[in-house]
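A quick write-up on the structure given underneath.
Residue numbers (my numbering): 145 to 649.
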């Protein structure tokens, strides 16, 4: 009887494993099919509205289909894959390397809150961690963030690479770029101001300052739009927030893989710190929007978390941010090692038309998306070359422009009554991969994977430091400030975020 029972148990276990594998295979096939449809549709030029709307619609439909097919939790295209897989691995890391994860979380708090973080980490080994964290902040500002410009090559948001036809100076996003390519008067002092903010208030203060500052420029543009009864000034201002969607704003496959890696790193770190403090984990999972990973979660027992002292709670809350900062540095290394090969062998670049200005000769003649090949007989492949060629243009002079759609000759008009002659084209410099061999294709995939992971680890870390409900930063602020202060700070940040969205409307 014992043998028969054992065989029955084995048969039941085998059947259970078979069903689990069948379900996993079904998930993989469903995701692969909808990923192919998503990739196939977004790959063709459909116009800006359809380029965004159609892939999102496909993601919603694919999410609903996957949910129905596999009886998963979710809705509106969102699918939740959850279970207990991964909890054993989290337990092992928490038990084996508990001290490392605790020190890492304290280091992340110093990066997040600068000199103001000392009360949050005060205790055993805090002075060394505090000093290392402050030095790390300065090193990241000086030697790491400037390389975000190379990672931005993969983000396909043309508004974030605009070039003014009047000044030929790069307009960069305060929220996405966060780099030091300032080209206007006073930029030297702004650089030092930002470094001072990071020193005192960490990257939480940094991102808040950038959002508030950019909100101020948008308010100024809004006032100007109201005064002249035109939406143009508002639409020409740079938004501080934007969606980053694989297949639209990022390479599809390396973008999805990067997001999955980053989200798992972030959430598993929360779980590891929770387990190191003996907090029970209920489940581990991934949240998909269609086929794209948009979230991961490790669900601790919140009642047990709240029983911990606030210092331990803050360590749990900062663990994800800390790991993202560390992963940012790790992914930067292979990106830099591949950079010389990629820039010299894979990337081409050119100057493209973003828009034309009403009242000037090129308006409605040269279409957006047109590549500028030569200016006044001078071949141009970057904005520096074009700017040099255009310096000779005066009001009334003939300007010859060779483009990808044909050759044009315009009579230049004065720019704002000056002696500068312009034709009214707003330009941006675009980099694009030329992957015409298998080696280049493979190199581009890995370089984009490392570059996107480097950039998004930083962005996810600093965004999570914001004092907004649902973010890690809000829980740390809520544990550390009086309620009235956190309410005021949260209100300021939420208003700034809403203002930063306005240029997209």
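Virtual Cβ for every residue (Gly too), placed ideally from N, Cα, C.
* First and last residue of the uninterrupted beta strand (DSSP E) at residue 496 -> The sequence position of residue 496 within the chain shown is 352, counting from 1. Unbroken beta strand (DSSP E) run through residue 496: 491-500.
* The beta strand (DSSP E) enclosing residue 516, as first and last residue numbers -> Counting from one through the chain shown, the residue named residue 516 turns up at place 372. Segment 515-519, the beta strand (DSSP E) holding residue 516.
* Tell me, to the nearest whole angstrom, how far the beta carbon of residue 573 is from that of residue 497; I am working on the premise that it is less than 8 Å. => For the purposes of this step, residue 573 is identified with residue 429 of the chain shown, where counting begins at 1. For the purposes of this step, residue 497 is identified with residue 353 of the chain shown, where counting begins at 1. Rounded to whole angstroms, the Cβ separation of residue 573 and residue 497 is 12 Å, and the two are not in contact under 8 Å.
* Could you tell me the distance, in whole angstroms, from the CA atom of residue 486 to the CA atom of residue 369? => Here residue 486 is taken as the residue at index 342 of the chain shown, counted from 1. Here residue 369 is taken as the residue at index 225 of the chain shown, counted from 1. Taking the straight line joining both Cα atoms gives about 43 Å.
* **residue 226: first and last residue of the uninterrupted alpha helix (DSSP H) it sits in** => Numbered from its first residue, the chain shown carries residue 226 at position 82. DSSP places residue 226 in no alpha helix (DSSP H) but in the uninterrupted beta strand (DSSP E) bounded by 222-227.
* By how many angstroms is the C-alpha of residue 348 removed from the C-alpha of residue 430? -> Position 286 of the chain shown holds residue 430. Position 204 of the chain shown holds residue 348. Going by the C-alpha atoms only, they are around 26 Å apart.
* Asked: Going by the beta-carbon positions, is the gap between residue 281 and residue 468 smaller than 7 Å?
  -> The residue labelled residue 281 in the question sits at position 137 within the chain shown. The residue labelled residue 468 in the question sits at position 324 within the chain shown. No. Outside cutoff.
* Taking C-beta to C-beta, are residue 357 and residue 341 nearer than 7 Å? -> Along the chain shown, one-based indexing puts residue 357 at 213. Along the chain shown, one-based indexing puts residue 341 at 197. When the beta-carbon positions are compared, residue 357 and residue 341 stay at least 7 Å from each other.
* Asked: So, helix, strand or coil for residue 523, using DSSP?
  -> Numbered from 1 along the chain shown, position 379 holds the residue referred to as residue 523. Residue 523 sits in a strand when the DSSP states are folded into three classes.
* To do: Let me know the secondary structure DSSP gives residue 569 once reduced to three states.
  => Translated into positions along the chain shown, residue 569 becomes position 425. DSSP places residue 569 within a strand segment (E or B) once states are collapsed to three.
* Return no unless some Cβ of chain C is closer than 7 Å to the Cβ of residue 225. => The structure shown contains no chain C; it holds only a single protein chain.
* To do: Quick one: residues in its chain with C-beta nearer than 7 Å to the C-beta of residue 302, no 5 flanking neighbours on either side, listed in chain order?
  => As a position in the chain shown, residue 302 is number 158, starting the count at 1. Any answer about residue 302 is weak, because its pLDDT of 44 lies below 50 and its placement is not dependable; what the coordinates show is given next. Within the same chain, 498 and 572 come within 7 Å of residue 302 by CB-CB distance, once the 5 residues on both sides are set aside.
* When DSSP labels each residue in this structure, what does residue 438 get in the three-state scheme? -> Within the chain shown, the letter at position 294 stands for residue 438. Strand.
* Answer with buried or exposed for residue 275, where buried requires no fewer than 16 other C-beta atoms within 10 angstroms of its C-beta. => As a working note, residue 275 is residue 131 in the chain shown. Counting C-beta atoms within 10 angstroms of its own C-beta, residue 275 has fewer than 16 neighbours from the protein chains shown and is therefore classed as exposed.
* Asked: How long is the line joining the alpha carbons of residue 284 and residue 525, rounded to whole angstroms?
  -> Within the chain shown, residue 284 is the residue found at index 140, counting from 1. Within the chain shown, residue 525 is the residue found at index 381, counting from 1. Each residue's alpha carbon lies about 32 Å from the other.
* Comparing alpha-carbon positions, which option in 592, 396, 464 and 618 lies nearest residue 250? -> What you label residue 250 is simply residue 106 of the chain shown in a count that begins at 1. Restricting attention to 592, 396, 464 and 618, the CA atom closest to the CA of residue 250 is found in 464.
* For residue 395, name the three-state secondary structure that DSSP assigns. => Here residue 395 corresponds to residue number 251 of the chain shown, with the count starting at 1. Note: residue 395 maps to coil in three-state DSSP.
* **Option in 596, 630 and 626 with minimal Cα separation from residue 297** => To locate residue 297, count along the chain shown from 1; it is residue 153. Selection 596, 630 and 626 evaluated against residue 297 yields 596 as nearest (Cα-Cα).
* Quick one: give me the first and last residue of the beta strand (DSSP E) that residue 433 is part of. => Numbered from 1 along the chain shown, position 289 holds the residue referred to as residue 433. Element bounds for residue 433: 425-433.
* Asked: Counting only runs that start and end within the segment 213-297, where is the alpha helix (DSSP H) found for 4 or more residues in a row?
  -> Positions of the alpha helix (DSSP H) runs, each at least 4 residues long and wholly inside the segment 213-297, are given as 231-240, 242-257, 262-265, 270-283 and 292-295 in order along the chain.
* Through-space distance from residue 458 to residue 376, alpha-carbon basis -> The sequence position of residue 376 within the chain shown is 232, counting from 1. The sequence position of residue 458 within the chain shown is 314, counting from 1. C-alpha separation (whole angstroms): 45 Å.
* To do: Over the uninterrupted beta strand (DSSP E) stretch that includes residue 450, give me the two end residues.
  => Locating residue 450 in the chain shown gives position 306, where the first residue counts as 1. From DSSP, residue 450 is part of no beta strand (DSSP E) but of the alpha helix (DSSP H) over 446-451.
* Measure the C-alpha to C-alpha separation of residue 630 and residue 519 and round it to an integer number of angstroms. => Counting from 1 along the chain shown, the entry for residue 630 is found at position 486. Counting from 1 along the chain shown, the entry for residue 519 is found at position 375. Roughly 54 Å between the two C-alpha positions.
* Asked: Can you find at least 3 beta carbon pairs, one from the segment 428-447 and one from the segment 220-232, that sit closer than 8 Å?
  -> The segment 428-447 is in contact with the segment 220-232.
* Asked: Out of 400, 548, 544 and 562, which has the shortest C-alpha to C-alpha gap to residue 555?
  -> Numbered from its first residue, the chain shown carries residue 555 at position 411. Closest option to residue 555, Cα to Cα, is 544.
* Where does residue 506 fall in DSSP's three states? -> Residue 506 sits at position 362 when you count from the first residue of the chain shown. In this structure, residue 506 counts as coil in the three-state DSSP scheme.
* Asked: How many angstroms separate the CA atom of residue 579 from the CA atom of residue 491?
  -> Counting from 1 along the chain shown, the entry for residue 579 is found at position 435. Counting from 1 along the chain shown, the entry for residue 491 is found at position 347. Note on geometry: alpha-carbon atoms of residue 579 and residue 491 lie some 9 Å from one another.
* Residues bridged to residue 556 (per DSSP) -> As a first step, residue 556 is located in the chain shown; it is residue number 412 there, counting from the start. In the DSSP output, where bridge partners are listed per residue, residue 556 has none listed.
* **Best match in 437, 427, 394 and 644 for proximity to residue 406 [C-alpha to C-alpha]** => Working through the chain shown from its first residue, we reach residue 406 at position 262. Looking only at 437, 427, 394 and 644, the smallest Cα-Cα distance to residue 406 is reached by 437.
* To do: Give a yes or no on whether the C-beta atoms belonging to residue 245 and residue 416 are separated by under 7 Å.
  => Locating residue 245 in the chain shown gives position 101, where the first residue counts as 1. Locating residue 416 in the chain shown gives position 272, where the first residue counts as 1. With contacts defined as CB atoms closer than 7 Å, residue 245 and residue 416 qualify as a contacting pair.
* Would you tell me roughly how many angstroms separate the C-alpha atoms of residue 308 and residue 515, rounded to the nearest one? => What you label residue 308 is simply residue 164 of the chain shown in a count that begins at 1. What you label residue 515 is simply residue 371 of the chain shown in a count that begins at 1. Legend: pLDDT at residue 308 = 32, less than 50; position of this residue unreliable, value from coordinates given subsequently. Taking the Cα positions, residue 308 is about 16 Å away from residue 515.
* By DSSP, does residue 582 sit in helix, in strand, or in coil? -> Against the chain shown, residue 582 aligns to sequence position 438. Shown here, residue 582 sits in a helix according to DSSP, grouped into three states.
* To do: Leaving out five residues on either side along the sequence, give the residues of the same chain with a beta carbon under 8 Å from the beta carbon of residue 267.
  => The residue you call residue 267 lines up with position 123 of the chain shown. Counting only Cβ-Cβ distances below 8 Å, and skipping sequence neighbours, we find 455.
* **Under 7 Å between C-beta atoms of residue 420 and residue 238** => In the chain shown, residue 420 corresponds to position 276, counting from 1. In the chain shown, residue 238 corresponds to position 94, counting from 1. Residue 420 places its beta carbon less than 7 Å from that of residue 238.
* Proximal residues to residue 321 (C-beta, below 8 Å), its chain only, five neighbours per side dropped -> Counting from one through the chain shown, the residue named residue 321 turns up at place 177. Only weak support exists for where residue 321 lies, its pLDDT of 32 falling under 50; the value from the coordinates is given anyway. Spatial neighbours of residue 321 in its own chain (CB-CB distance under 8 Å, excluding positions within 5 residues in sequence) are listed in chain order as 292, 293, 296 and 304.
* Asked: When the distance is taken between beta carbons, is residue 206 closer than 7 Å to residue 395?
  -> On the chain shown, position 251 is the one that residue 395 refers to. On the chain shown, position 62 is the one that residue 206 refers to. No, the Cβ-Cβ distance between residue 395 and residue 206 is not below 7 Å.
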